[in-house]
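So the protein lines, in turn, are chains A and B.
Going left to right, the first sequence walks through residues 1 to 479 as this note's numbering numbers them.
Going left to right, the second sequence walks through residues 480 to 691 as this note's numbering numbers them.
A virtual CB, placed ideally from N, CA and C, is assigned to each residue, including glycine.
Just so we're clear, the structure is a prediction, and the values are computed from it rather than from any experiment.
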Amino acid sequence: MFSLNDLLVILPELYLTAAACLVLLFDVFLDDEHRDATHWVAIVVMLVAIFLVIRGQPPETVTAFGGMFVRDHMAEILKVTVLIATILMFVMARPWLKDRKLFIGEFYSLSIFSVLGVMFLVSAGSLVTVYLGLELFSLPAFALVALNRESKLSSEAAIKFFVLGALASGLLLFGMSLIYGATGTLDLHAIFAAIGTTQHLHLLQFGLVFLVVGIGFEFGAVPFHMWLPDVYEGAPTPIAMYISAVPKLAAIGLAYRLLETGLGPLAGDWRMMLAIMAALSLVVGNVVAIAQTNFKRMLAYSTISHMGFVFLALSNPTPEGYASALFYAVCFALMETVAFGVILALSRKGFDCDMIDDLKGLNQRSPWMAGMMAIAMFSLAGIPPLWGFAAKVLVLKAAIDGGMLWLAIVAIICAIIGLFYYLRVVKVMYFDAPAEDVELSPKPDIALRWLLSINALGLIAMIGFSGVFFTWCQHAFGV
Amino acid sequence: MTHAIFQMVCFILFAVVAVGSALAVVSVKNTVHGVLALVLTFFSTACLWMLAEAEFLALALVVVYVGAVMVLFLFVVMMLDIDLEPMREGYIKYLPIGIGAAVIMLIEMLGIIGIKTFNVQAGPNPAGASNVEWLGQALFTHFLLPFEIAALILTVGLVAAVVLALRVRSFSKHQNPAAQSAVRAPGRVRMVKMAAVTPAAPEPKPAEEPQA
Numbered sequence: 001m002f003s004l005n006d007l008l009v010i011l012p013e014l015y016l017t018a019a020a021c022l023v024l025l026f027d028v029f030l031d032d033e034h035r036d037a038t039h040w041v042a043i044v045v046m047l048v049a050i051f052l053v054i055r056g057q058p059p060e061t062v063t064a065f066g067g068m069f070v071r072d073h074m075a076e077i078l079k080v081t082v083l084i085a086t087i088l089m090f091v092m093a094r095p096w097l098k099d100r101k102l103f104i105g106e107f108y109s110l111s112i113f114s115v116l117g118v119m120f121l122v123s124a125g126s127l128v129t130v131y132l133g134l135e136l137f138s139l140p141a142f143a144l145v146a147l148n149r150e151s152k153l154s155s156e157a158a159i160k161f162f163v164l165g166a167l168a169s170g171l172l173l174f175g176m177s178l179i180y181g182a183t184g185t186l187d188l189h190a191i192f193a194a195i196g197t198t199q200h201l202h203l204l205q206f207g208l209v210f211l212v213v214g215i216g217f218e219f220g221a222v223p224f225h226m227w228l229p230d231v232y233e234g235a236p237t238p239i240a241m242y243i244s245a246v247p248k249l250a251a252i253g254l255a256y257r258l259l260e261t262g263l264g265p266l267a268g269d270w271r272m273m274l275a276i277m278a279a280l281s282l283v284v285g286n287v288v289a290i291a292q293t294n295f296k297r298m299l300a301y302s303t304i305s306h307m308g309f310v311f312l313a314l315s316n317p318t319p320e321g322y323a324s325a326l327f328y329a330v331c332f333a334l335m336e337t338v339a340f341g342v343i344l345a346l347s348r349k350g351f352d353c354d355m356i357d358d359l360k361g362l363n364q365r366s367p368w369m370a371g372m373m374a375i376a377m378f379s380l381a382g383i384p385p386l387w388g389f390a391a392k393v394l395v396l397k398a399a400i401d402g403g404m405l406w407l408a409i410v411a412i413i414c415a416i417i418g419l420f421y422y423l424r425v426v427k428v429m430y431f432d433a434p435a436e437d438v439e440l441s442p443k444p445d446i447a448l449r450w451l452l453s454i455n456a457l458g459l460i461a462m463i464g465f466s467g468v469f470f471t472w473c474q475h476a477f478g479v
Numbered sequence: 480m481t482h483a484i485f486q487m488v489c490f491i492l493f494a495v496v497a498v499g500s501a502l503a504v505v506s507v508k509n510t511v512h513g514v515l516a517l518v519l520t521f522f523s524t525a526c527l528w529m530l531a532e533a534e535f536l537a538l539a540l541v542v543v544y545v546g547a548v549m550v551l552f553l554f555v556v557m558m559l560d561i562d563l564e565p566m567r568e569g570y571i572k573y574l575p576i577g578i579g580a581a582v583i584m585l586i587e588m589l590g591i592i593g594i595k596t597f598n599v600q601a602g603p604n605p606a607g608a609s610n611v612e613w614l615g616q617a618l619f620t621h622f623l624l625p626f627e628i629a630a631l632i633l634t635v636g637l638v639a640a641v642v643l644a645l646r647v648r649s650f651s652k653h654q655n656p657a658a659q660s661a662v663r664a665p666g667r668v669r670m671v672k673m674a675a676v677t678p679a680a681p682e683p684k685p686a687e688e689p690q691a
């Protein structure tokens with residue numbers, strides 16, 4: 001049975017559930033002219049959710065519903081970042097959606113439901129809540145990718161995303177069933193305890209392989225990365241922004257809960273699998289990104305290489321390693337929002353600004369936008385005075401501390417290869433002549449401009465707070 | 480002992496039928512036959528669950544999937560008129576490779592785990608409680624939170640389906656019940672005063688000039 005205290009622990013989730021339903025209902029009564037109200041209501045809903053998550057955070061880890069739900073500091077950091085990234089997506093998406101007649105209320109309610117899924121997932125204390133959180137998070141994402149029914153590319157991307165997502169869920173479930181068979185429990189802590197006494201170690205390792213495959217799909221790590229470029233290219237740009245930022249944060253939660261909380265004693269088995277996936281992602285992501293002409297596809301391959309960096313940190317199964325992975329994922333999410341935000345600001349009706357050539361001569365047309373894109377690119381590449389640099393340093397340090405020197409060397413070589421395609425974007429913006437017939441001017445939407453600027457400048461400012469933030473991350477894993 | 484052997488024989492029989500019909504689902508050419516094979520798959524799975532003493536799940540599978548979902552599937556498949564031949568090109572060509580890979584994987588899996596590992600004993604049955612009782616107890620106490628999250632997932636599925644499938648067509652003819660019930664007499668009936676006997680039509684007068 002549950003008590004009132006349990007409800008208090010999941011208050012942010014309860015609130016967001018109610019709010020998502022209310023946004024859904026509220027929107028029904030609005031005309032198309034008044035749809036902006038839904039937009040602002042959704043943003044306020046998210047802000048209140050951030051407040052509830054931070055305000056109600058207990059100093060110690062607490063569990064609810066008999067261990068099904070865990071509220072700890074890692075979940076807090078992930079939830080707050082996911083909510084912030086979603087607010088950024090809402091603000092930056094509005095002009096884009098309006099131009100394409102996709103400005104519908106369900107965009108907001110589905111996004112909120114998806115965020116709710118992430119919140120349950122990162123707080124999961126049992127295999128059941130892990131799986132259900134994952135489904136609640138990905139089902140709305142499939143629908144959001146298919147939001148633009150007129151576009152064949154969108155539908156194709158949605159089908160690919162859906163089929164591969166279903167396959168990944170199936171593999172994850174199969175792994176979970178094997179682990180349940182070997183340990184006889186669904187509770188992650190109980191699984192951890194049962195591993196020491198189980199006689200079915202092979203079964204357990206077998207299940208572990210499937211879990212790692214499921215996690216790899218969620219991150220989009222090589223060799224489970226095939227869906228990522230097509231989904232980035234086909235999805236409406238705001239949704240691509242959401243998919244580039246939020247699932248990676250969710251996947252950090254997923255990986256930590258399953259691999260450390262549940263299967264921690266098998267770390268010797270899974271860290272090598274993660275290390276191999278990290279090396280493959282780094283090489284494939286960075287090398288293939290060079291060949292891309294579509295900016296969104298290039299970002300997709302860059303994402304794959306960044307997931308290699310996250311795995312680099314995760315392959316060191318210590319609190320330091322997890323803290324660096326968390327740091328990297330948060331930093332990565334906020335860099336992606338800038339890169340996609342600039343594309344969203346420059347797109348207009350009938351022009352998506354998603355080819356690298358579309359950015360030609362951006363500096364002459366709009367120096368501020370070019371500057372922000374340059375910040376995002378330099379930060380993604382990991383060039384010193386930017387936040388991405390701090391993240392890369394921490395991750396490399398975690399890998400070396402974990403005895404994975406070869407992997408760190410691979411990562412550095414790949415990061416240098418990666419510099420090429422990030423700098424090419426900068427070169428195109430600053431040194432190429434703008435195309436005569438293409439009009440490049442940012443949208444006059446004030447909220448978008450301000451938030452995008454704050455987001456981009458934040459990437460510079462955050463380098464000063466890297467130490468503080470890393471301490472939080474370490475604190476989240478009990479250092 | 481005979482009981483155990485009988486159980487084993489039943490298990491193998493149901494398992495073989497389930498796997499065989501599942502293969503038929505993806506390999507038969509006629510889609511209606513495919514759906515019927517899927518029904519058989521579900522039914523054999525239900526039998527397997529019955530063997531595992533999960534009666535409620537077995538019944539739910541038969542009632543919900545075989546009874547409702549598959550009938551819906553049949554309707555949909557019969558309405559579709561797809562020419563599947565082009566999709567099957569190359570099927571035979573790649574079949575041996577696919578089978579080879581599957582068999583190797585199966586042998587590897589069995590080799591790694593060892594068939595004996597699968598003899599994991601099921602947890603003890605709570606004494607006295609029937610299957611349904613136990614399931615209800617578990618769902619509404621220990622698994623309350625997952626149960627509610629599953630409800631949310633269904634809600635999302637519904638919303639997503641409506642978003643993706645609902646098209647407002649300008650040319651479709653449909654009723655608007657709200658407008659129909661909101662109608663009042665003045666909106667429908669217009670009283671026109673007419674003389675009982677029509678006088679001879681007067682010459683149409685030109686409109687009067689507005690007064691200056």
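If you check the beta carbons only, do residue i and residue j fall under 9 Å apart?
i	j	result
serine 305 of chain A	leucine 274 of chain A	no
leucine 7 of chain A	leucine 16 of chain A	no
serine 244 of chain A	alanine 300 of chain A	yes
valine 9 of chain A	phenylalanine 51 of chain A	no
glycine 125 of chain A	proline 319 of chain A	no
leucine 153 of chain A	glycine 234 of chain A	yes
serine 169 of chain A	glycine 214 of chain A	yes
glycine 264 of chain A	leucine 121 of chain A	no
serine 441 of chain A	leucine 346 of chain A	yes
proline 140 of chain A	phenylalanine 103 of chain A	no
threonine 237 of chain A	leucine 344 of chain A	yes
alanine 415 of chain A	alanine 381 of chain A	yes
valine 425 of chain A	methionine 335 of chain A	no
valine 23 of chain A	valine 48 of chain A	no
leucine 173 of chain A	glycine 262 of chain A	no
glycine 175 of chain A	phenylalanine 142 of chain A	no
Tell me the residue span of the alpha helix (DSSP H) that contains residue i.
i	result
arginine 348 of chain A	Run containing arginine 348 of chain A: none; DSSP gives neither H nor E here.
valine 410 of chain A	405-431
valine 122 of chain A	105-122
threonine 524 of chain B	510-530
I want to see whether chain B comes within less than 9 Å of residue i, judged by CB atoms only; does it?
i	result
serine 169 of chain A	no
leucine 153 of chain A	no
glutamate 135 of chain A	yes
phenylalanine 120 of chain A	yes
glycine 253 of chain A	no
glutamate 106 of chain A	yes
glycine 66 of chain A	yes
alanine 143 of chain A	yes
phenylalanine 29 of chain A	no
isoleucine 446 of chain A	no
Kindly say whether residue i, judged by its beta-carbon, lies nearer than 9 Å to any beta-carbon of chain A.
i	result
valine 599 of chain B	Model confidence at valine 599 of chain B stands at a pLDDT of 49, short of 50, so the residue's coordinates are unreliable and nothing is read from them.
isoleucine 586 of chain B	no
alanine 516 of chain B	no
threonine 634 of chain B	yes
leucine 643 of chain B	yes
Counting only C-beta atoms, is residue i closer than 9 Å to chain E at any point?
i	result
histidine 621 of chain B	The structure shown has no chain E; the protein chains it does contain are A and B.
Hey, how far is the Cα of residue i from the Cα of residue j?
i	j	result
leucine 314 of chain A	tyrosine 322 of chain A	6 Å
serine 177 of chain A	alanine 537 of chain B	18 Å
alanine 329 of chain A	valine 310 of chain A	7 Å
alanine 240 of chain A	alanine 639 of chain B	18 Å
valine 82 of chain A	leucine 645 of chain B	30 Å
aspartate 32 of chain A	arginine 348 of chain A	20 Å
serine 466 of chain A	valine 393 of chain A	11 Å
glycine 464 of chain A	isoleucine 290 of chain A	31 Å
valine 288 of chain A	leucine 147 of chain A	28 Å
Starting from residue i and walking both ways along the beta strand (DSSP E), at which residues does that stretch end?
i	result
arginine 71 of chain A	69-71
Given the structure, does residue i come close to the ligand NAP, in the sense that its CB is under 8 Å from one of the ligand's heavy atoms?
i	result
lysine 248 of chain A	Absence of the ligand NAP is noted for the structure shown, with no ligands found whatsoever.
*Stretch-stretch touch, CB-based, cutoff 8 Å, three pairs: the segment 63-77 of chain A with the segment 24-40 of chain A*: no
*Per the contact definition of three or more C-beta pairs closer than 8 Å, is the segment 370-379 of chain A in contact with the segment 422-436 of chain A?*
yes
*asked:* With a threshold of 8 Å, are at least 3 pairs of Cβ atoms found where one atom belongs to the segment 509-516 of chain B and the other to the segment 547-559 of chain B?
replied: yes
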